[in-house]
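Asks:
Numbering (the numbering used here), first residue to last: 746 to 1044.
(1) Check the C-beta distance from residue 908 over to residue 830 and give it rounded, since I have them as a contact under 8 Å.
(2) How far does the alpha helix (DSSP H) with residue 964 in it reach, from first residue to last?
(3) Measuring alpha carbon to alpha carbon, tell me which residue in 768, 863 and 759 is nearest residue 1037.
(4) Might you give, ordered along the chain, the residues of its own chain that have their beta carbon closer than 6 Å to the beta carbon of residue 1005, omitting 5 neighbours on each side?
(5) Alpha carbon to alpha carbon, how far is residue 965 from residue 886? Give it in angstroms, no decimals.
(6) Taking one C-beta from the segment 791–801 and one from the segment 767–778 each time, how about it: are there three or more such pairs within less than 8 Å?
(7) Leaving out five residues on either side along the sequence, give the residues of the same chain with a beta carbon under 7 Å from the beta carbon of residue 805.
(8) Can you check whether the C-beta of residue 793 is within less than 7 Å of a C-beta belonging to chain E?
(9) Looking at the structure shown, is residue 884 part of a helix, part of a strand, or coil, going by DSSP?
(10) Can residue 1017 and residue 933 be called in contact, C-beta distance under 7 Å?
(11) Hey, out of 851, 884 and 912, whose CA is closest to residue 834's CA?
(12) Helix, strand or coil: which one does DSSP assign to residue 873?
(13) Keeping to the same chain, check which residues put their C-beta closer than 7 Å to that of residue 974; ignore five residues upstream and five downstream.
(14) Confirm, please, whether the CB-CB distance from residue 876 to residue 960 is below 7 Å.
(15) Tell me which residues share the same chain as residue 971 and place their Cβ nearer than 6 Å to its Cβ, disregarding the 5 neighbours each side in the sequence.
(16) Take residue 925 as the anchor and find which of 956, 951, 944 and 962 has the nearest alpha-carbon.
(17) Looking only at its chain, what residues have a beta carbon closer than 6 Å to the beta carbon of residue 1014, apart from the 5 residues adjacent to it on each side?
(18) Under a Cβ-count criterion, where at least 16 other Cβ atoms within 10 Å of its own Cβ denotes burial, should residue 923 be classed as buried or exposed?
(19) For residue 819, name the three-state secondary structure that DSSP assigns.
(20) Between residue 701 and the rest of its own chain, which residues show a CB-CB distance below 6 Å, the 5 nearest in sequence each way excluded?
(21) Going by the beta-carbon positions, is the gap between residue 1009 and residue 940 smaller than 7 Å?
(22) Rounded to the nearest angstrom, what separates residue 756 and residue 786 at their Cα positions?
(23) Starting from the Cα of residue 902, find the closest Cα among 912, 884, 883 and 865 and give me that residue.
(24) For the putative contact between residue 938 and residue 1011, defined by C-beta atoms under 8 Å, what is the C-beta separation to the nearest angstrom?
(25) Scan the segment 917–960 and note each continuous beta strand (DSSP E) run of 3 residues or more that stays entirely inside, going in chain order.
(26) Comparing alpha-carbon positions, which option in 912, 892 and 1007 lies nearest residue 803?
(27) Decide if residue 942 is buried, meaning its Cβ has at least 16 other Cβ atoms within 10 Å, or exposed.
(28) On the DSSP bridge list, what partners appear for residue 1009?
(29) Roughly how many angstroms separate the alpha carbons of residue 948 and residue 758, rounded to a whole number?
(30) So, at 7 Å on beta carbons, what are the nonlocal neighbours of residue 790 in its own chain, with the 5 sequence-adjacent residues on each side left out?
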């Protein structure tokens, strides 16, 4: 590696690769800050690793069909899922947008909503120290948040839910959700994950990608390590997924975020004793499991 730059200007690092005795340029990276600096200085780690006093670790779901997914865990299966109803567009076509008539209209629209083939893809696994962070890793730390609910340290299995979208140009797959499986067993209860710094239960995405990572490892990355993990993510295609790895081993998972930029809900899946088993980001591509449309009459 060689470096060039001027005082007060950007730093250019050129990575060279030796092939058959000949040095070739492998990569050119430009940094506007010292790439050896940590994303978060050590004295600032407490801001990311310790939830504010009195902060609830999660919030109960409202279970309102217009705003919440009643059972986020049911999304992850191999089969078929129904797409969400666009309630804004539906409201433009009806006279009543509240009360029993609206609920009947909404239920009928949900029944008629298209279904997509879905499948679960295991991406890899990563160790974690008990605090997980979620958000847009393309932002560095600007759009990354830690989960207030602590978990038992261990190894998480990263999985993505892929939905097949049919187009005139042919079918393609889009990431519909991503989750970190922390322990064996199926969740019996879901809650909204409370995030900090700040307060919220959803993440904003500005790079078309979202991640679930070990908070301690992520905040300890240097800017160069962060860039080495972020930069190889292949071309931001909708079906993209991969482990977040700066070259020393994965510390999380990153995927394309559904339909792109937006705000996406984060959920905890808990067992009967309230122990966290799964952490999920739902990209809103599908809403609920559905029967196969093959051979069925759909008026």
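A virtual CB, placed ideally from N, CA and C, is assigned to each residue, including glycine.
This one's a predicted model, so the numbers in the text were calculated from it and none came from an experiment.
Replies: Well, looking at it:
(1) To locate residue 908, count along the chain shown from 1; it is residue 163. To locate residue 830, count along the chain shown from 1; it is residue 85. So it is not a contact: roughly 16 Å between Cβ atoms.
(2) In the chain shown, counting from the first residue as 1, residue 964 sits at position 219. It spans 960–964 - the alpha helix (DSSP H) in which residue 964 sits, taken as one unbroken run.
(3) Taking the first residue of the chain shown as 1, we reach residue 1037 at position 292. Answer by Cα proximity: 863.
(4) Taking the chain shown and counting its residues from 1, one reaches residue 1005 at position 260. Hits under 6 Å: 953.
(5) Indexing the chain shown from 1 puts residue 886 at position 141. Indexing the chain shown from 1 puts residue 965 at position 220. Just so you know, the alpha carbons of residue 886 and residue 965 end up roughly 11 Å apart.
(6) no
(7) As a first step, residue 805 is located in the chain shown; it is residue number 60 there, counting from the start. Taking residue 805 as the centre and dropping the five residues before and after it, the same chain places the C-beta of 936 closer than 7 Å to its C-beta, in chain order.
(8) Protein chain content of the structure displayed is limited to a single chain, and chain E is not contained in it.
(9) Looking up residue 884 in the chain shown gives position 139. Note: residue 884 maps to helix in three-state DSSP.
(10) Stepping through the chain shown from its first residue, residue 1017 is reached at position 272. Stepping through the chain shown from its first residue, residue 933 is reached at position 188. Going by C-beta atoms, residue 1017 is nearer than 7 Å to residue 933.
(11) Taking the chain shown and counting its residues from 1, the one referred to as residue 834 is at position 89. The shortest C-alpha separation from residue 834 is found at 851.
(12) If you number the chain shown from 1, residue 873 lands on position 128. In the three-state reduction of the DSSP assignment, residue 873 falls in the strand class.
(13) Taking the chain shown and counting its residues from 1, the one referred to as residue 974 is at position 229. Excluding residues within five positions, the ones whose Cβ falls inside 7 Å are 989, 990 and 991.
(14) Within the chain shown, numbered from 1, the residue matching residue 960 stands at position 215. Within the chain shown, numbered from 1, the residue matching residue 876 stands at position 131. In contact: residue 960 and residue 876 (Cβ atoms closer than 7 Å).
(15) Within the chain shown, residue 971 is the residue found at index 226, counting from 1. Excluding residues within five positions, the ones whose Cβ falls inside 6 Å are 784.
(16) Within the chain shown, the letter at position 180 stands for residue 925. Nearest C-alpha to residue 925: 956.
(17) Position 269 of the chain shown, counted from the start, is the residue given in the question as residue 1014. Excluding positions up to five away in sequence, the list reads 818, 932, 935, 1022 and 1023.
(18) By one-based count along the chain shown, residue 923 stands at place 178. Label assigned to residue 923: buried.
(19) Taking the first residue of the chain shown as position 1, residue 819 is located at position 74. Residue 819 falls in the helix class under three-state DSSP.
(20) With the chain represented from 746 up to 1044, any question about residue 701 goes unanswered, as that position is not in the structure.
(21) On the chain shown, position 264 is the one that residue 1009 refers to. On the chain shown, position 195 is the one that residue 940 refers to. Against a cut-off of 7 Å, the Cβ pair of residue 940 and residue 1009 comes out as no contact.
(22) To locate residue 756, count along the chain shown from 1; it is residue 11. To locate residue 786, count along the chain shown from 1; it is residue 41. Rounded to the nearest angstrom, the gap between the Cα atoms of residue 756 and residue 786 is 20 Å.
(23) Along the chain shown, read from residue 1 onward, the residue named residue 902 stands at position 157. Here the closest residue by C-alpha is 865.
(24) Reading the chain shown from its first residue, position 193 is the one you call residue 938. Reading the chain shown from its first residue, position 266 is the one you call residue 1011. With a Cβ gap of about 4 Å, residue 938 and residue 1011 count as contacting.
(25) Listed in chain order, they are 917–926, 934–938, 947–950 and 954–959.
(26) The sequence position of residue 803 within the chain shown is 58, counting from 1. Measuring from the Cα of residue 803, the nearest candidate turns out to be 892.
(27) Reading the chain shown from its first residue, position 197 is the one you call residue 942. By the neighbour-count criterion, in which a residue is buried when 16 or more other Cβ atoms sit within 10 angstroms of its Cβ, residue 942 is exposed.
(28) Numbered from its first residue, the chain shown carries residue 1009 at position 264. Its beta-bridge partners are 948.
(29) Residue numbering aside, residue 948 sits at position 203 when the chain shown is read from its first letter. Residue numbering aside, residue 758 sits at position 13 when the chain shown is read from its first letter. Each residue's Cα considered, the two are about 32 Å apart.
(30) Here the question's residue 790 lines up with position 45 in the chain shown. Cβ within range, chain order: 964.
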